[in-house]
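Quick note: the sequence shown uses this note's numbering, first residue 5, plus one each step.
Beta carbons: idealized from backbone N, C-alpha and C, even for Gly.
Bear in mind that the values here come from a model prediction, so they are computed numbers and not experimental data.
All remarks here apply to the structure that follows.
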Amino acid sequence: PDVVITDVMMPRCDGYGLLAKLRADERLGGTPVIFLTAKGMTADRIAGFQAGCDDYIPKPFDPDELVARVRNVVRRQERLLAEAARFADADMGSMARQISEIRTLLANGGNAKKAPTPAEHSFTPREASVLQLVAEGLMNKEIARRLETSIRNVEKYVSRLFIKTGTASRTELVRYALEHALVD
Numbered sequence: 005p006d007v008v009i010t011d012v013m014m015p016r017c018d019g020y021g022l023l024a025k026l027r028a029d030e031r032l033g034g035t036p037v038i039f040l041t042a043k044g045m046t047a048d049r050i051a052g053f054q055a056g057c058d059d060y061i062p063k064p065f066d067p068d069e070l071v072a073r074v075r076n077v078v079r080r081q082e083r084l085l086a087e088a089a090r091f092a093d094a095d096m097g098s099m100a101r102q103i104s105e106i107r108t109l110l111a112n113g114g115n116a117k118k119a120p121t122p123a124e125h126s127f128t129p130r131e132a133s134v135l136q137l138v139a140e141g142l143m144n145k146e147i148a149r150r151l152e153t154s155i156r157n158v159e160k161y162v163s164r165l166f167i168k169t170g171t172a173s174r175t176e177l178v179r180y181a182l183e184h185a186l187v188d
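Put into structure tokens, the structure is as follows:
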């Protein structure tokens with residue numbers, strides 16, 4: 005789905021539980037979530053944002069406001085995915101050469117003359133798989149085919165990897181992963 009709109013108060017699974025399940029699902033983890041609820045106190049909204057919802061709309065609400073907020077959340081997601089795709093679709097030949105140069109540098113000790121420093125990261129298993137395939141120089145389409153998922157999901161994983169590693173391009177991501185012994 006492009007966006008999930010849910011109430012916070014539901015009989016079997018409250019909105020927070022649903023949000024946690026969505027975020028834990030590798031296929032749906034990047035899907036924007038909007039809480040639409042009667043719990044409109046400031047503390048409730050803060051709790052929703054701290055739990056990871058993308059927007060919080062208290063009831064009663066104006067339908068036009070709901071539409072505007074949904075469009076805003078979807079546009080924000082599309083911009084994030086477009087930026088990730090821009091990096092993903094960069095000159096793959098150039099990137100493959102850079103990866104090769106980085107591997108050679110690290111293998112020969114380079115200027116740093118030290119072994120890769122292992123780093124602790126909270127990658128999901130799917131993010132770790134995507135990182136390994138990015139390091140191998142595969143394009144999003146190839147990664148999606150190998151992992152039997154959509155290109156859009158791969159773009160989401162790459163975006164999350166950029167955020168978690170503080171990198172802004174696939175080349176930087178691969179260099180970071182190699183320097184911190186995150187890939188083979």
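Using a 10 Å radius around the Cβ and a threshold of 16 neighbouring Cβ atoms, would you call residue i buried or exposed?
{"i": "residue 181", "result": "buried"}
{"i": "residue 160", "result": "buried"}
{"i": "residue 175", "result": "buried"}
{"i": "residue 75", "result": "exposed"}
{"i": "residue 71", "result": "exposed"}
{"i": "residue 17", "result": "exposed"}
{"i": "residue 36", "result": "buried"}
{"i": "residue 169", "result": "buried"}
{"i": "residue 80", "result": "exposed"}
Helix, strand or coil: which one does DSSP assign to residue i?
{"i": "residue 162", "result": "helix"}
{"i": "residue 169", "result": "helix"}
{"i": "residue 36", "result": "coil"}
{"i": "residue 8", "result": "strand"}
{"i": "residue 16", "result": "coil"}
{"i": "residue 185", "result": "coil"}
{"i": "residue 105", "result": "helix"}
{"i": "residue 2", "result": "The chain is shown from 5 up to 188; residue 2 falls before or after that span and cannot be answered."}
{"i": "residue 199", "result": "Here the chain covers residues 5 to 188 and nothing more, so residue 199 does not appear."}
{"i": "residue 141", "result": "coil"}
Taking residue i as the reference, give the member of the options with the closest Cα.
{"i": "residue 9", "options": "20, 28 and 40", "result": "40"}
{"i": "residue 167", "options": "85, 11, 61 and 71", "result": "85"}
{"i": "residue 31", "options": "140, 142, 128 and 58", "result": "128"}
{"i": "residue 185", "options": "106, 63 and 69", "result": "106"}
{"i": "residue 82", "options": "68, 44 and 5", "result": "5"}
{"i": "residue 153", "options": "164, 169, 130 and 62", "result": "130"}
Write down the C-beta distance between residue i and residue j rounded to the nearest angstrom, noting that I regard them as a contact closer than 8 Å.
{"i": "residue 148", "j": "residue 158", "result": "5 Å"}
{"i": "residue 26", "j": "residue 19", "result": "Contact flag wrong, Cβ pair sits at about 10 Å."}
{"i": "residue 178", "j": "residue 103", "result": "5 Å"}
{"i": "residue 56", "j": "residue 12", "result": "Rounded, the Cβ-Cβ distance is 13 Å, inconsistent with contact."}
{"i": "residue 73", "j": "residue 38", "result": "7 Å"}
{"i": "residue 42", "j": "residue 63", "result": "5 Å"}
Starting from the N-terminal side, write out each stretch of the beta strand (DSSP E) that is 3 residues or longer and does not extend beyond the stretch 42-93.
59-62
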